[in-house]
């Protein structure tokens, strides 16, 4: 697949602090790629380096084949950016803002059509400072699209928005994807990353600790699927005696199941035991479980060497 | 530098400015209010007369009437009369908060006719300052005139009073260029300090840096705006000064350099002050520390020639002094060689500070 962004061994230091500490990733054409991580993980620093707003300390970065720092002038006409904490001039209206950008970019975009695309038509003539937080972000999206960009960089576009406004921004991001644009998204909301992304990189302390499609990450870093049912210790003992990995958890029994066949065999075994049981459910890790496992453990600094994910160097 | 982008951005900046009533008030309306207030307070004192309360106790004599007519022709005092029945004039004056009074004694006409020395009683209030002197001088002058006539003499030595230059300069003629200087100082300084600090906080420079607009283009559009603003303000102030107070000022081409280089200098200074401070609040403080002394000590409200020597020295190191001096030299005295000195001083400062500001003021972060 066609690479739009290529990053290798990217480092950004502020004095002794390494905000970005050797990051590698590739952005493929037409995908939504998310940087997921807690605040201060290095997401914004990375995205600002890609946008040409910040100079890297070392490493290789190519965005649309250009070096974003030295070729910023050429790059900015081909990318769209909604920076973190987007603000605009308080006494300009969305329509004037779009016209200003269209003039600066020499873009032939139709302001009315763009306003409609981000659902701002009825607020087109209201001063920016009278708009809501969600509408502010929509102005940001509209401005990012004025130059018909090949890649859109959205840095925490829904932070601080209410759920309705957040969903409305999500719709806009989905539309960007269907229009064939490549999207680089940073977020600290798991749901957002899971809902929107083709691929995710989980970043913490300036390092990428997991990368892949949400399902791949869960498969790779999550615990194995389990079944859970209500039963007593005797039942758990019986299953262990039969070679299953069974545990008493919260008044129930949980058994690891590697395959679909395992599930069937567990069912047969408990039925054959003659012991009382009910409420049989299957459990698998969500992205959130994985995230907490990876990021939470890293933050405690007790990630055991055997479990250390490959991406961590 | 792409001029097309400068002119694309310019209207957006102008709209943002015009839609903020506070900025517009300080740049255009406030100087007009100042010219009206200061003009009314001070310009009138030159031409108007000191009020003098007269109690004529010899009302029926032609001699007393003649003396008062003489006093009236000095033009220095405006006479108002109280009747003899008002009693003691001194207590009348203090009762009515009046500071100057004259009593023409009873029998004034008889005494004058018979060459008997007669005394006029004059009350003045030393705390009223120069107006006491004006009253004393006027009464003395009228008395001398009357004595000369009674002695059958005629004036041999008479002075003729003329003003420097061809026109009669008054306070308002200094005030109008001074307030144009005020405008040139205040509107770029206050808004550039504000812009460079709050735009930094709100990441608006970062937002602009995502577009093809360059820093130089942004600065050009901004400068253009403040030059236009200063020019509009100058024409407004001259119009009001002329219409209301009959000021003798004209905007000539000699004033043009100051309307351009002045705003350039203060935009650079404001940008510098805002860029070096970490928060909008500290920027505001730095801006005020720079602006206020300059506002009062550069000849904005009063001609520097009236300052004591040590304050003159202070004025001469303030950049605004050269802007206002240049405006005076061009708009009032029409003196090109003096204008040249001022242009050179302001021009050099503008270049130096623009270079400094360009060094310090940055859009991208390293």
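Residue numbers (this note's numbering), protein chains in the order written: chain A, 1 to 313; chain B, 1001 to 1366.
Using N, Cα and C, we set each Cβ at its ideal position, and we do this for glycine too.
Note that this is a predicted model, so its numbers are computed, not measured.
With the rule of 3 Cβ pairs closer than 8 Å, the stretch 127-141 of chain A does not count as touching the stretch 23-32 of chain A.
Here residue 74 of chain A has 66 as same chain residues with Cβ atoms under 8 Å from its own Cβ, once five neighbours each way along the sequence are excluded. The contact set of residue 1009 of chain B on chain A, defined by CB atoms closer than 9 Å, consists of 100, 103, 104 in chain order. Beta-bridge pairing by DSSP links residue 1056 of chain B to B/1104. Chain-ordered, the chain B residues with CB closer than 7 Å to the CB of residue 85 of chain A read 1203.
Rounded to whole angstroms, the separation of the alpha carbons of residue 1251 of chain B and residue 1235 of chain B is 8 Å. Contact of residue 1012 of chain B with chain A by beta-carbon distance below 9 Å involves 89, 92, 96, 97, 99, 100, 103. Straight-line measurement puts the Cα of residue 1156 of chain B at about 44 Å from the Cα of residue 1036 of chain B.
When the Cα atoms are used, residue 127 of chain A and residue 133 of chain A turn out to be separated by approximately 13 Å. The three-state reading of DSSP puts residue 1185 of chain B in helix, counting H, G and I together. At a cut-off of 4 residues, the continuous stretches assigned as alpha helix (DSSP H) that sit fully inside the stretch 1070-1148 of chain B are 1089-1095, 1108-1113.
Counting of Cβ neighbours within 10 angstroms places residue 209 of chain A among the buried residues, the total reaching 16 or more.
Counting only Cβ-Cβ distances below 8 Å, residue 77 of chain A has contacts in chain B at 1212, in chain order.
Within the stretch 1185-1198 of chain B, no residue has its Cβ closer than 8 Å to any Cβ of chain A. Taking the Cα positions, residue 1122 of chain B is about 8 Å away from residue 1100 of chain B.
Judged by their CB atoms, residue 1091 of chain B and residue 1052 of chain B are not nearer to each other than the 8 Å cut-off. Residue 268 of chain A and residue 251 of chain A have their C-alpha atoms some 21 Å from each other. Inclusion of residue 1254 of chain B and residue 1336 of chain B in the CB contact set at 8 Å is warranted, their separation being smaller than that value.
Pairing residue 1033 of chain B with residue 1178 of chain B gives a Cβ-Cβ distance that is not under 8 Å. From the listed residues A/99, A/121, A/108, the smallest Cα separation to residue 1010 of chain B is found for A/99. The C-beta of residue 141 of chain A comes no closer than 8 Å to any C-beta of chain B.
Going by beta carbons, residue 1183 of chain B and residue 1027 of chain B fall inside the 8 Å limit.
Boundaries of the beta strand (DSSP E) harbouring residue 21 of chain A: 17-28, taken from the DSSP string. Residue state for residue 293 of chain A is assigned as helix, using DSSP reduced to three classes.
Where residue 265 of chain A is concerned, the enclosing alpha helix (DSSP H) starts and stops at 260-273.
Residue pairing for residue 3 of chain A: DSSP places it in a beta bridge opposite A/28. Remark: C-beta atoms of residue 1203 of chain B and residue 85 of chain A approach each other more closely than 8 Å. Excluding its 5 nearest sequence neighbours in each direction, residue 1221 of chain B has C-beta neighbours in its own chain below 8 Å: 1006, 1007, 1009, 1010, 1013, listed in chain order. Residue 1159 of chain B is classed as exposed because its beta carbon has fewer than 16 other beta carbons within 10 Å across all chains shown.
Within the stretch 111-163 of chain A, the complete beta strand (DSSP E) runs of at least 3 residues fall at 151-155. For residue 82 of chain A, the beta-bridge partners assigned by DSSP are A/154.
Within chain A, no residue has its beta carbon less than 7 Å from that of residue 1328 of chain B; the closest one is some 36 Å off. Taking all protein chains in view, the Cβ of residue 112 of chain A is surrounded by fewer than 16 other Cβ atoms within 10 Å, so the residue is classified as exposed. Here residue 1205 of chain B has 1199, 1363 as same chain residues with Cβ atoms under 7 Å from its own Cβ, once five neighbours each way along the sequence are excluded.
A buried status is given to residue 1331 of chain B, since no fewer than 16 other beta-carbon atoms sit within 10 Å of its beta-carbon. Any Cβ of chain B closer than 8 Å to the Cβ of residue 53 of chain A would place that residue at the interface, and such an atom is present.
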